[in-house]
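Colleague: To convert, note that position 119 of the sequence shown is 144 in the numbering used here; the numbers rise steadily by one, no gaps. We put the CB at the ideal spot given by N, CA and C, even for glycine. No experiment lies behind these values; they were computed from the predicted model shown.
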Amino acid sequence: MPNDVEEGGALDASAAEEAARIARVDWWSIFGGEHEYTAQREFVNGSDRLHQIWLGGRGTGKTWGLMLKALWLALRNPGEPRPGGSYRLCEGAMFGRTAREIDHKLAPYFEEHLRTFQDATGINLLAWYSGKFDCYTLINGARIYKLSYGRADALKKDRGYTLGWAVMDEVEHAEVNSRDAFEIVLATLRHPLAKESTLAVATSPNGLRGVTAHFLKKLRAGDPNYYAQTATVYDNPYVDDVFRERLKSGCSPRMWRQEGLGEILRPVEAIYDFEEGKHLIDWRWRADLPYILGIDWGEAHAYACAIQIDENSGRWVVARERKMEDGSRPKFREVVLDLVRECARAPYMIATDRAVRSENNWAMGTFSDVCEGGIRWAKSRTQQHIAWGVGAVEYMLNPPAGKGIGQDDDPRLVFSRELSGHLETAGRGLRGAMINYRYRRRRMDTGEYVITNDPETNTPNCHPCDALRYAVISSVYDEKVHGGRVLPYVEAHPLGSV
Ligand SMILES: Nc1ncnc2c1ncn2[C@@H]1O[C@H](COP(=O)(O)OP(=O)(O)OP(=O)(O)O)[C@@H](O)[C@H]1O
Ligand SMILES: [Mg+2]
Numbered sequence: 026m027p028n029d030v031e032e033g034g035a036l037d038a039s040a041a042e043e044a045a046r047i048a049r050v051d052w053w054s055i056f057g058g059e060h061e062y063t064a065q066r067e068f069v070n071g072s073d074r075l076h077q078i079w080l081g082g083r084g085t086g087k088t089w090g091l092m093l094k095a096l097w098l099a100l101r102n103p104g105e106p107r108p109g110g111s112y113r114l115c116e117g118a119m120f121g122r123t124a125r126e127i128d129h130k131l132a133p134y135f136e137e138h139l140r141t142f143q144d145a146t147g148i149n150l151l152a153w154y155s156g157k158f159d160c161y162t163l164i165n166g167a168r169i170y171k172l173s174y175g176r177a178d179a180l181k182k183d184r185g186y187t188l189g190w191a192v193m194d195e196v197e198h199a200e201v202n203s204r205d206a207f208e209i210v211l212a213t214l215r216h217p218l219a220k221e222s223t224l225a226v227a228t229s230p231n232g233l234r235g236v237t238a239h240f241l242k243k244l245r246a247g248d249p250n251y252y253a254q255t256a257t258v259y260d261n262p263y264v265d266d267v268f269r270e271r272l273k274s275g276c277s278p279r280m281w282r283q284e285g286l287g288e289i290l291r292p293v294e295a296i297y298d299f300e301e302g303k304h305l306i307d308w309r310w311r312a313d314l315p316y317i318l319g320i321d322w323g324e325a326h327a328y329a330c331a332i333q334i335d336e337n338s339g340r341w342v343v344a345r346e347r348k349m350e351d352g353s354r355p356k357f358r359e360v361v362l363d364l365v366r367e368c369a370r371a372p373y374m375i376a377t378d379r380a381v382r383s384e385n386n387w388a389m390g391t392f393s394d395v396c397e398g399g400i401r402w403a404k405s406r407t408q409q410h411i412a413w414g415v416g417a418v419e420y421m422l423n424p425p426a427g428k429g430i431g432q433d434d435d436p437r438l439v440f441s442r443e444l445s446g447h448l449e450t451a452g453r454g455l456r457g458a459m460i461n462y463r464y465r466r467r468r469m470d471t472g473e474y475v476i477t478n479d480p481e482t483n484t485p486n487c488h489p490c491d492a493l494r495y496a497v498i499s500s501v502y503d504e505k506v507h508g509g510r511v512l513p514y515v516e517a518h519p520l521g522s523v
């Protein structure tokens with residue numbers, strides 16, 4: 026796409042100048058709305074430092090504010106009019122995790138801001154939009170690309186841009202490492218026309234890691250190129266207590282501190298907050314209760330567990346398990362059949378991994394007539410879904426006050442003491458796996474080790490933990506297994522948002 030747009034019909038230097046003047050003096054009388062929201066205002070145009078972050082809980086107006094910042098930066102970084110009416114454009118970009126997230130969440134706010142500006146001033150800042158190239162061009166010669174960065178292949182393509190400024194949403198919750206994404210986008214900020222180069226990111230924190238840890242280090246060292254703003258869900262005057270309460274009741278206490286209060290928690294390496302004292306119970310198999318069979322098919326290693334469900338309270342007890350090492354698929358089918366025979370009734374539901382089609386077909390052929398809740402599998406293996414599923418399991422392990430068993434904070438998910446308690450690899454079942462399941466560590470260029478937000482893969486802990494996760498994610502909307510309502514976690518964390 027050429028930088029010089031000869032025809033430039035709607036580029037308009039005098040209207041652009043007028044818009045810039047209005048923006049300088051009247052910004053908050055245009056965008057201020059009904060309430061004053063100081064933290065957001067500060068983030069939008071309180072600083073011109075190169076590196077900026079807004080760390081806020083969920084629903085704190087990060088995306089709304091970030092898109093207003095994009096507009097602010099586009100007006101501060103105009104293109105260059107040339108004799109004869111052509112323009113040299115100055116490009117910037119809004120980065121979202123996926124193209125879908127940009128279209129559904131970022132772009133609508135940006136377009137709303139353009140309309141608000143036009144309603145207040147009569148000036149339509151948008152010269153044209155190109156669907157083909159996914160970009161807006163404003164009347165001042167600023168262009169705003171819509172770029173996704175959240176997956177490795179998308180991030181790789183981003184390297185080739187030359188930008189004056191950029192904003193990134195949810196940087197700590199993408200599939201790619203936040204620090205890598207940040208550095209790659211930062212390296213694109215080299216546009217010769219840029220007057221106010223800024224890379225502004227907004228995110229809810231995900232522990233003291235990645236970009237968050239980097240900012241903290243720089244700010245503590247007094248680096249004048251870094252700026253941070255924070256907010257809790259109580260700060261945003263545009264959401265109500267119903268929203269806050271729904272978020273709180275859909276979060277484990279640890280999640281709430283991060284997602285509601287925007288706290289930067291020390292990263293823990295263990296994925297689950299699993300304590301034997303809290304999560305183990307004495308349990309005898311109860312023939313009257315339904316059970317869910319969670320299965321992780323593997324080539325040589327495989328795992329299945331039977332989880333008994335108390336339909337009244339919604340409490341889950343992982344009661345029996347089978348593990349296969351160095352076996353084969355036919356052999357594991359026998360293992361599954363044997364477990365079902367021992368349970369003396371058909372499972373209510375079977376939850377598996379979608380990747381192994383042959384085994385899923387076998388399970389369908391064998392059990393679909395007798396499984397009331399069906400045979401289900403996770404729809405995607407993307408990390409977003411792993412993180413989402415891990416969150417759902419953690420929620421059941423440690424529900425918030427009032428959302429556990431008996432309106433208390435008692436766990437919704439417990440484990441029979443009769444399951445193997447071995448920690449060594451050979452005899453390790455789900456109990457040992459819950460204790461050992463970890464986030465991967467990574468060595469940074471600086472030599473320091475950091476804890477990532479990628480769960481380990483292909484280790485002895487994964488098969489049992491995956492089987493359990495499949496059981497949870499396949500049933501979050503099934504009221505029958507959660508005490509007569511959907512798991513409150515999904516009300517605060519709707520699936521498919523990315
Ligand atoms: N200044 C504002 N004026 C009007 N409404 C606002 C303002 N800031 C935020 N909102 C509203 O608050 C709600 C949350 O905003 P937003 O989606 O930007 O939050 P978020 O922090 O990005 O949330 P999430 O964590 O879910 O991504 C939205 O309904 C949005 O329209
Ligand atoms: Mg958002």
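1. Tell me, please, which residues DSSP counts as bridged to Pro-106.
2. By a C-beta neighbour count over all protein chains shown, 10 Å radius and 16 as the cutoff for buried, is Lys-181 buried or exposed?
3. Give me the DSSP bridge partner(s) of Arg-347.
4. With distances taken from CA atoms, which of Leu-80, Glu-481, Leu-150, Thr-63 is nearest Leu-96?
5. Can you tell me whether Asn-250 is buried or exposed, with buried defined as 16 or more other CB within 10 angstroms of its CB?
6. What number of angstroms, rounded off, separates the C-alpha of Ala-458 from the C-alpha of Ser-338?
7. Please list, in chain order, all residues of the same chain as Gly-429 whose beta carbon is under 7 Å from its beta carbon, the five residues on each side excluded.
8. Considering only residues of the same chain and omitting the five flanking positions on each side of Glu-32, which have a CB-CB separation below 6 Å?
9. Going by beta-carbon coordinates alone, are Glu-208 and Arg-176 separated by less than 8 Å?
10. Can you tell me which of the three DSSP states Arg-453 falls into?
11. CA-CA distance, Leu-327 and Leu-290?
12. With distance defined between alpha-carbon atoms, name the residue in Cys-160, Leu-493, Arg-83 nearest to Ala-99.
13. Between the Cα of Arg-494 and those of Phe-392, Cys-396, Ala-40, Tyr-420, spot the shortest distance and give me the residue it belongs to.
14. My parser needs the alpha helix (DSSP H) runs of 4 or more residues fully inside the segment 408–448; what are they?
15. Ends of the beta strand (DSSP E) at Tyr-170?
16. What three-state label does DSSP hand Thr-391 in the structure shown?
17. My parser needs the alpha helix (DSSP H) runs of 4 or more residues fully inside the segment 161–223; what are they?
18. Tell me, please, which residues DSSP counts as bridged to Met-374.
19. Measuring from the CB of Lys-87, is there a heavy atom of ligand 2 at a distance below 7 Å?
20. Alpha carbon to alpha carbon, what distance is there between Ser-54 and Leu-13?
21. For Leu-163, which residues from the same chain have a beta carbon less than 7 Å from its beta carbon, with the 5 sequence-adjacent residues on both sides left out?
22. For Arg-282, collect the residues of the same chain with a Cβ closer than 8 Å to its Cβ; drop the 5 residues on either side in sequence, then sort them by chain order.
23. Please tell me whether Arg-468 has its Cβ less than 8 Å away from any Cβ of chain B.
24. Given this structure, state the Cα-to-Cα distance separating Ile-296 from Ile-332, to the nearest angstrom.
25. Please classify His-138: is it buried, with 16 or more other beta-carbons within 10 angstroms of its beta-carbon, or exposed?
26. Would you say Lys-130 touches ligand 2, meaning its beta carbon is less than 7 Å from a heavy atom?
27. With H, G and I counted as helix, E and B as strand and the rest as coil, what does DSSP make of Thr-63?
28. With burial defined as no fewer than 16 other Cβ atoms inside 10 Å of the residue's Cβ, what is the status of Tyr-134: buried or exposed?
29. Go ahead and label Phe-158 buried or exposed: buried means 16 or more other beta carbons lie within 10 angstroms of its beta carbon, across all protein chains shown.
30. Take the Cβ of Thr-187 as the centre, count every other Cβ of all protein chains shown within 10 Å, and call the residue buried at 16 or more, exposed below.
31. Suppose you measure from the CA of Arg-234 to the CA of Leu-80; what does that come to, to the nearest Å?
32. Could you tell me if the beta carbon of Val-196 falls within a distance shorter than 7 Å of some heavy atom in ligand 1?
33. Going by beta-carbon coordinates alone, are Pro-583 and Thr-450 separated by less than 8 Å?
34. If we ignore side chains and look at the alpha-carbon of each, how far apart do Glu-59 and Lys-171 end up?
35. Which of helix, strand or coil does DSSP assign to Leu-520?
36. Just to confirm before moving on: does the CB-CB distance between Tyr-263 and His-76 stay below 8 Å?
Modeller: So, to answer that:
1. Residue 106 sits at position 81 when you count from the first residue of the sequence shown. As a beta-bridge residue in DSSP terms, Pro-106 pairs with Tyr-112.
2. Counted from its first residue, the sequence shown places residue 181 at position 156. Per the 10 Å Cβ criterion, exposed.
3. Counted from its first residue, the sequence shown places residue 347 at position 322. DSSP output for Arg-347 lists Ala-329 as bridge partner(s).
4. Sequence index remark: in the sequence shown, residue 96 carries index 71 (1-based). The residue with the shortest Cα to Cα distance from Leu-96 is Leu-150.
5. On the sequence shown, position 225 is the one that residue 250 refers to. Looking at its Cβ environment, which holds fewer than 16 other Cβ atoms inside 10 Å, Asn-250 is exposed.
6. Residue numbering aside, residue 458 sits at position 433 when the sequence shown is read from its first letter. Residue numbering aside, residue 338 sits at position 313 when the sequence shown is read from its first letter. If I take the Cα positions, the gap works out to 26 Å.
7. For this step, residue 429 is matched to residue 404 along the sequence shown. A distance below 7 Å between beta-carbons, with the five flanking residues on each side excluded, links Gly-429 to the following residues of its chain, in chain order: Asp-435, Pro-436, Arg-437.
8. As a first step, residue 32 must be located in the sequence shown, where it is residue number 7. Its pLDDT being 41, under 50, Glu-32 is placed unreliably in this model, and the coordinates cannot settle the point.
9. Stepping through the sequence shown from its first residue, residue 208 is reached at position 183. Stepping through the sequence shown from its first residue, residue 176 is reached at position 151. The answer is no: Cβ separation not under 8 Å.
10. On the sequence shown, position 428 is the one that residue 453 refers to. Three-state result, Arg-453: coil.
11. Within the sequence shown, residue 327 is the residue found at index 302, counting from 1. Within the sequence shown, residue 290 is the residue found at index 265, counting from 1. Residue 327 is actually Ala in this sequence, not Leu. Spanning the two alpha carbons is a distance of roughly 34 Å.
12. One-based indexing of the sequence shown puts residue 99 at position 74. It is Cys-160.
13. Your numbering for residue 494 matches position 469 in the sequence shown. Looking at the Cα atoms, Tyr-420 is the closest of the given residues.
14. 408–422
15. Working through the sequence shown from its first residue, we reach residue 170 at position 145. It spans 167–173 - the beta strand (DSSP E) in which Tyr-170 sits, taken as one unbroken run.
16. Reading the sequence shown from its first residue, position 366 is the one you call residue 391. Residue state, collapsed to three classes: helix.
17. 177–183, 203–212
18. One-based indexing of the sequence shown puts residue 374 at position 349. Ile-317, per the DSSP bridge assignment.
19. Within the sequence shown, residue 87 is the residue found at index 62, counting from 1. Correct: Lys-87 has its Cβ closer than 7 Å to ligand 2.
20. The chain is shown only over 26 to 523; residue 13 falls outside these bounds and no answer can be derived.
21. Along the sequence shown, read from residue 1 onward, the residue named residue 163 stands at position 138. These residues qualify, in order along the chain: Ala-99, Leu-150, Leu-151, Ala-152.
22. Residue 282 sits at position 257 when you count from the first residue of the sequence shown. Here the set comprises Glu-288, Leu-290.
23. Among the protein chains of the structure shown there is no chain B, as only one such chain exists.
24. The residue given as residue 296 occupies position 271 in the sequence shown. The residue given as residue 332 occupies position 307 in the sequence shown. Cα-Cα distance, rounded: 21 Å.
25. Within the sequence shown, the letter at position 113 stands for residue 138. Burial call: buried.
26. In the sequence shown, counting from the first residue as 1, residue 130 sits at position 105. Answer for Lys-130: yes, Cβ within range of ligand 2.
27. Residue 63 sits at position 38 when you count from the first residue of the sequence shown. Helix.
28. By 1-based counting over the sequence shown, the position of residue 134 is 109. Here Tyr-134 is buried: its Cβ has 16 or more other Cβ atoms, across all protein chains shown, within 10 Å.
29. By one-based count along the sequence shown, residue 158 stands at place 133. Classification of Phe-158: exposed, given that the 10 Å Cβ count is below 16.
30. Locating residue 187 in the sequence shown gives position 162, counting from the first residue. Label assigned to Thr-187: exposed.
31. By 1-based counting over the sequence shown, the position of residue 234 is 209. By 1-based counting over the sequence shown, the position of residue 80 is 55. Cα to Cα, Arg-234 sits roughly 13 Å from Leu-80.
32. Within the sequence shown, the letter at position 171 stands for residue 196. Relative to the non-hydrogen atoms of ligand 1, the Cβ of Val-196 never comes closer than 7 Å to any of them.
33. Residue 583 is absent from the structure shown; the chain starts at 26 and stops at 523.
34. Along the sequence shown, read from residue 1 onward, the residue named residue 59 stands at position 34. Along the sequence shown, read from residue 1 onward, the residue named residue 171 stands at position 146. Distance between the alpha carbons of Glu-59 and Lys-171 is about 29 Å.
35. By 1-based counting over the sequence shown, the position of residue 520 is 495. Residue state, collapsed to three classes: coil.
36. For the purposes of this step, residue 263 is taken as residue 238 along the sequence shown, with counting starting at 1. For the purposes of this step, residue 76 is taken as residue 51 along the sequence shown, with counting starting at 1. Going by C-beta atoms, Tyr-263 is not nearer than 8 Å to His-76.
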